[in-house]
Structures are given as structure tokens and as C-alpha cells.
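Chemist: Numbering (the UniProt record's numbering), first residue to last: 1 to 226. Would you mind keeping the following structure in view while I ask a few things?
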DNA sequence: GCGACAG
DNA sequence: ATCTTGTCGC
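Here it is, written out as C-alpha cells:
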């Protein structure tokens, strides 16, 4: 487990990304969809009091039943800077993951992995630091472009960087609903990442893992703040 | 130089 | 992310 480094400024943060990017593993297919465990992680903030709450929810990949969950509350130690989201979210997320009883299995992040200006987003960073397979499922295309995928669940189009690289996919998880943006984090290939996302988003646009983690970290923040 | 920009 | 009522629809 590579330690998480909290840089002093943005320049140092980018240097950390460049250094860690070389440790991302892209040639493993990843966990078989529908088997084992899948863990959703998410974070909520109270900017007024500089409080941050993270949640990790472990699901049985076959049934989507909740197997375990944990939360962690901390102080905001890094501002939101596009491209540097990991430094704001990961410290507390790591604490929540450490508080789990169950092993996490595949980690599903609310954000990007490879689809990142420096090709090292939140999911890549969390994957490298923990050594766990990780993927990113985001709600917006950020600085990438895509053609509208077909209307059916499972339809997808490539998410393209300005240099033409396919950094992820715009994946339709629900008929006639805006697609989600899937990218590889660590130790999972893109097709497998999309297969997991589709299974996890059987009933809603977003994966059940992130929906559960989102609800839990909001509750944890409210209870820590109230 | 200025604006845009995952959460 | 967060600020936020009612409202449309299953």
C-alpha cells in the first residue's frame, strides 16, 4: 500500500500525480462482473465548518445486497481544484475503507480514473494507493467529448481526449437517460469497468454502490455536524 | 492573460 | 460539492 502524500501546494500535487501515474496497472482484466464484492465510496462536505465525511459501502456483486459499510469524518485539508480532486477526497476515503470489516473487492469511485487531464484521476489515485482494483463512474464529461450513445441500456460511445485517445466511455445505463462516464482506474480494463457499471446500475442511472455511499456520507456529515 | 473545469 | 419548493410521474 503506497502511502497517500498530502502535497503543500498545487505544483507539488501535480508532481505527485506524475510520479504515481507510472504505477497504474492497465493490463489486468479485473474482477469478473457479478461475482465477489464491490465497494462504493463517496464524500460530502460542510464548507462552513471545513468538515468532510466519507463513506464506503460494500455490496455483494451478484445480489447488490449490502455486506458492510463504514464512515469517517475529518477536516478539509485541500481545496477543490479541477484535476486535483483526489487530494481533497482520498484521505477521508482511506479512513472509511480502513474502518471496513469486509475486504472491499472492486472500488467504484464517484469521478474519473484515466479520463483526467493528467490521466490520473481519483479512481487511478485511490487504486494505486490501496492496491485495489478501481474504476471511476462520473456524472459529467469534464473536458472530454463524446457522441451521444444509442438510446438503449448498455449502448456506449468512446469518451475522447483532445489528442484522440479513448479515455473512457459514455455508457447508457438507463433507457432514454443521460449516460454516465466510465473510465478505468487501476487493475481493470475498460470493457470490464463498463460491465460492472451496467450491473450496478440495474435500476437507476448511477451505480447502486455510489448511490448507497452518497446517502451514507451525507447522513454521516449531518450527524457529525448536527 | 482569461475562462472552463470530476466533486 | 452545495444552495433549494413544488411538482410531475410511477
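Positions of the beta carbon are idealized from the N, C-alpha and C atoms, including for glycine. Keep in mind the model is a prediction, meaning the values are calculated, not measured.
If you run the structure through DSSP and keep just helix, strand and coil, what is residue 71?
Modeler: Of the three classes helix, strand and coil, the one that applies to residue 71 here is strand, per DSSP.
Chemist: Using a threshold of 8 Å, state whether the C-beta atoms of residue 89 and residue 122 are closer than that.
Modeler: Contact flag set, yes.
Chemist: Just tell me which of 21, 19, 51 has its CA closest to the CA of residue 217.
Modeler: Nearest C-alpha to residue 217: 51.
Chemist: Could you have a look at residue 158 and say whether DSSP puts it in helix, strand or coil?
Modeler: Looking at residue 158 - three-state DSSP - the assignment turns out to be strand.
Chemist: CA-CA distance, residue 189 and residue 166?
Modeler: Those two C-alpha atoms are separated by around 12 Å.
Chemist: Report yes if the CB atom of residue 32 is closer than 8 Å to the CB atom of residue 81, and no otherwise.
Modeler: Result no, Cβ atoms of residue 32 and residue 81 do not sit closer than 8 Å.
Chemist: With DSSP as the reference, label residue 208 as helix, strand or coil.
Modeler: Note: residue 208 maps to helix in three-state DSSP.
Chemist: Among 154, 162, 161, whose alpha-carbon lies nearest the alpha-carbon of residue 176?
Modeler: The shortest Cα separation from residue 176 among 154, 162, 161 belongs to 154.
Chemist: What residue range does the beta strand (DSSP E) around residue 52 cover?
Modeler: Taken as a continuous stretch (DSSP letters only), the beta strand (DSSP E) holding residue 52 covers 51-60.
Chemist: Contact between the stretch 208-222 and the stretch 144-163: three or more CB pairs below 8 Å?
Modeler: The stretch 208-222, when compared against the stretch 144-163, does not touch it at the 8 Å Cβ threshold.
Chemist: May I ask which residues mark the beginning and end of the alpha helix (DSSP H) holding residue 39?
Modeler: Segment 37-46 is the beta strand (DSSP E) holding residue 39; no alpha helix (DSSP H) there.
Chemist: Pull up the distance between the alpha-carbon of residue 227 and that of residue 183, whole angstroms please.
Modeler: Beyond the ends of the chain as shown, which are 1 and 226, falls residue 227; an answer cannot be given.
Chemist: Roughly how many angstroms lie between the CA atoms of residue 36 and residue 110, to the nearest whole one?
Modeler: Cα-Cα distance, rounded: 20 Å.
Chemist: Which residues in the same chain as residue 84 place their Cβ atom closer than 6 Å to its Cβ, once the five residues preceding and following it in sequence are excluded?
Modeler: Cβ neighbours of residue 84 beyond the five flanking positions: 13.
Chemist: Starting from residue 124, follow the alpha helix (DSSP H) in both directions and report where the run begins and ends.
Modeler: Start and end: 122-130.
Chemist: Of the choices 193, 223, 197, 187, whose alpha-carbon is the least far from that of residue 27?
Modeler: Minimum Cα distance to residue 27 is reached at 187.
Chemist: Can you grab the Cα-Cα spacing for the pair residue 115 / residue 65, in whole Å?
Modeler: Whole-angstrom Cα-Cα distance: 29 Å.
Chemist: Verify whether the separation of the beta carbon atoms of residue 129 and residue 6 is less than 8 Å.
Modeler: No, the Cβ-Cβ distance between residue 129 and residue 6 is not below 8 Å.
Chemist: Residue 163 to residue 173, Cα distance in whole Å?
Modeler: Between residue 163 and residue 173, the C-alpha separation is close to 27 Å.
Chemist: So, are the CB atoms of residue 170 and residue 156 less than 8 Å apart?
Modeler: Closer than 8 Å, so yes.
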